[in-house]
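Trainee:
In mature numbering (1 follows the signal peptide of the UniProt record, and there is no 0), the protein residues as written are -24 to -1, 1 to 493.
Encoded structure:
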């Protein structure tokens, strides 16, 4: 009888030990949080200061009323992945983390109705593929680029949304968010970002293509050189390529004729010259001098082609010089026509008006003069001048949807934008421009800019706004005494080159920014 009794005792001890072990391993079920009322599968939280970390596992429906928090933070429901219904209504929620609802893969219904939400972060519903209903009514949603993603999501999700009206502060105010399309939002903006600073001053800049490569040339008056730069495709910077030594250089104008590169080098002293690129020797060779009696103080050069013939024109700003047109004859350039003697021209612009070649000469002594090419005489003849525009330093043209415009620069007084109306240039817009010596239109893709430089203030970048039919202020650039701008496209990137007469020459990259990201 002793041994069986002892056996029963051992068995009982073993059973007790296993029970204790199993009881230790048993996971304790979370209790209903303070401030919440829980039933079998539902929890209602009233006036809680934050989202509780856990709920009983059987809870699949969760509601918040009169909450003491105004933000739903990251991972707020990470410990309740089995939720199917979530109501955060009539609270004062102002912001939500992009990761607030991560892990709620089984959630079917989400209501954020009647809160103080003005926007929602992109991808806030990411991973919530089971959603069938989202309620955003009663908020103050601003229908701008920050909500473009929501419109895109609405057109791709299986979930339904009640009608939501855009707030009064939206560009789409009084419209239904549900009726908007992704293209209803204009979310692409641009800026010129500082990219590279060169260690030299310059007075002019030109970009050009030769032998299928892109180059840039700066005129450096103090160093007396034409400095050529090329793009380093490995280092992704502009580097020195070649130079032409000169004296008091004001313009280095490249010109490609029959796959030959010529550079017209305008100098204030010692005459001006024409160089040709010797590809076999890989250097520039001077091939011609320009008549010093006609070109005494060059200020600007324009190149152009009319009926297959190549020309360039030099604006002379001296009292005794003459603005002169030169023509290529197959062996060299010769004087083709003298224009506008004794008027101290500061700028010349070639353009086509009604498909006919024209020149506009700016002068410090009279209003800008418009010349038209006479095909019978093969010369330019005076057509008209631009009224009420004395003391114009330079004129540059641009086109928008077939309309011809010009930017007129004035050092004293207002610079202006004018539009050709079929008979005359008429004023479109005026810009305060004390100290300006460049008002340069710049076109990059579908973007049209006008850049107004100044010796006394920051350079102003204006962007054309189609709806207004005018330029609007876009950006300010810090360039000391800018004199010229040019654009070059390389490796699917666009760069703005800015010459600086009193500081470092600057290079900016044109960047497109998506405000909906």
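Cβ atoms here follow ideal geometry from the backbone N, Cα and C, with glycine treated the same way.
With a 10 Å radius around its C-beta and 16 neighbouring C-beta atoms as the bar for buried, classify residue 140 as buried or exposed.
Mentor: buried
Trainee: Taking the runs of the alpha helix (DSSP H) that are 4 residues or longer, which of them lie wholly in the stretch 67 to 113?
Mentor: none
Trainee: How is residue 27 classed by DSSP in three states: helix, strand or coil?
Mentor: coil
Trainee: Could you have a look at residue 491 and say whether DSSP puts it in helix, strand or coil?
Mentor: coil
Trainee: List the endpoints of the continuous beta strand (DSSP E) containing residue 327.
Mentor: 321 to 329
Trainee: Just to confirm before moving on: does the CB-CB distance between residue 223 and residue 196 stay below 8 Å?
Mentor: Contact: no.
Trainee: Do you know how far the Cα of residue 476 is from the Cα of residue 319?
Mentor: 27 Å
Trainee: Assign residue 432 to buried or exposed, taking buried as 16 or more other Cβ atoms, counted over all protein chains shown, within 10 Å of its Cβ.
Mentor: Label assigned to residue 432: exposed.
Trainee: Enumerate in chain order the residues of its own chain whose CB-to-CB distance from residue 247 is below 7 Å, with the five nearest sequence positions on each side excluded.
Mentor: Cβ neighbours of residue 247 beyond the five flanking positions: 265, 266 and 268.
Trainee: Determine the closest residue to residue 221 out of 396, 212 and 201, with distance taken between C-alpha atoms.
Mentor: 201
Trainee: What did DSSP end up calling residue 188 once you bin it into helix, strand or coil?
Mentor: coil
Trainee: Going along the chain, which residues of its own chain have a beta-carbon closer than 8 Å to the beta-carbon of residue 456, five neighbours each way excluded?
Mentor: Within the same chain, residue 456 has close Cβ partners 476, 477, 478, 479 and 480.
Trainee: Just to confirm, are residue 302 and residue 280 a CB contact at a threshold of 8 Å?
Mentor: no
Trainee: Given the structure, does residue 348 come close to the ligand MN, in the sense that its CB is under 7 Å from one of the ligand's heavy atoms?
Mentor: Questions concerning the ligand MN fall outside what the structure shown contains, since it holds no ligand whatsoever.
Trainee: How do the stretch 75 to 89 and the stretch 101 to 114 stand: do at least 3 beta-carbon pairs fall below 8 Å, yes or no?
Mentor: yes
Trainee: With distance defined between alpha-carbon atoms, name the residue in 331, 400 and 338 nearest to residue 315.
Mentor: 338
Trainee: Residue 83 and residue 107 look like a contact to me (Cβ under 8 Å); what is the Cβ gap, rounded to whole Å?
Mentor: Their Cβ separation, rounded to whole angstroms, is 6 Å, which keeps residue 83 and residue 107 in contact under 8 Å.
Trainee: Decide yes or no for the touch test of the stretch 419 to 437 against the stretch 446 to 464: beta carbon pairs closer than 8 Å, at least 3 of them.
Mentor: yes
Trainee: Within this structure, are the beta carbons of residue 427 and residue 401 separated by less than 8 Å?
Mentor: no
Trainee: Less than 7 Å between C-beta atoms, sequence neighbours within five positions excluded: which residues of the same chain meet that for residue 36?
Mentor: 17, 58, 59, 60 and 61
Trainee: When the Cα atoms are used, what is the spatial distance from residue 332 to residue 151?
Mentor: If you take the alpha carbons of residue 332 and residue 151, they lie about 48 Å apart.
Trainee: Where does residue 8 sit, in a helix, a strand or coil, going by DSSP?
Mentor: coil
Trainee: Along the alpha helix (DSSP H) that carries residue 127, what are the first and last residues, could you check?
Mentor: 124 to 130
Trainee: Under 8 Å, do residue 491 and residue 181 count as touching if we go by C-beta distance?
Mentor: no
Trainee: Which residue from 299, 262 and 256 puts its Cα closest to that of residue 274?
Mentor: 299
Trainee: According to DSSP, simplified to helix, strand and coil, what is residue 383?
Mentor: strand
Trainee: Please report how far the alpha carbon of residue 64 lies from the alpha carbon of residue 443, in whole angstroms.
Mentor: 41 Å
Trainee: Return the chain-ordered ranges of every beta strand (DSSP E) run that is complete within the stretch 226 to 257 and spans a minimum of 3 residues.
Mentor: 236 to 243 and 249 to 254
Trainee: Based on the DSSP output, what are the partners of residue 21 in its beta bridges?
Mentor: 12 and 40
Trainee: By the 10 Å Cβ neighbour count, where 16 or more other Cβ atoms means buried, how is residue 179 classified, buried or exposed?
Mentor: Residue environment analysis places residue 179 among the buried positions, since at least 16 neighbouring C-beta atoms fall within 10 angstroms of its C-beta.
Trainee: Name the DSSP bridge partner or partners of residue 495?
Mentor: Beyond the ends of the chain as shown, which are -24 and 493, falls residue 495; an answer cannot be given.
Trainee: Within a Cβ cutoff of 7 Å, which residues of the same chain sit near residue 186, ignoring the five residues on either side of it in sequence?
Mentor: The answer, listed in chain order, is 232 and 237.
Trainee: Considering only their Cβ atoms, is the gap separating residue 169 from residue 380 smaller than 8 Å?
Mentor: No, they are not a contact pair.
Trainee: How is the beta strand (DSSP E) around residue 275 delimited, first residue to last?
Mentor: 274 to 282
Trainee: So residue 358 packs on residue 345, CB below 8 Å; how close in whole Å?
Mentor: 6 Å
Trainee: To which residues of the same chain is residue 87 closer than 6 Å at the C-beta, ignoring the five residues directly before and after it?
Mentor: 63, 65 and 111
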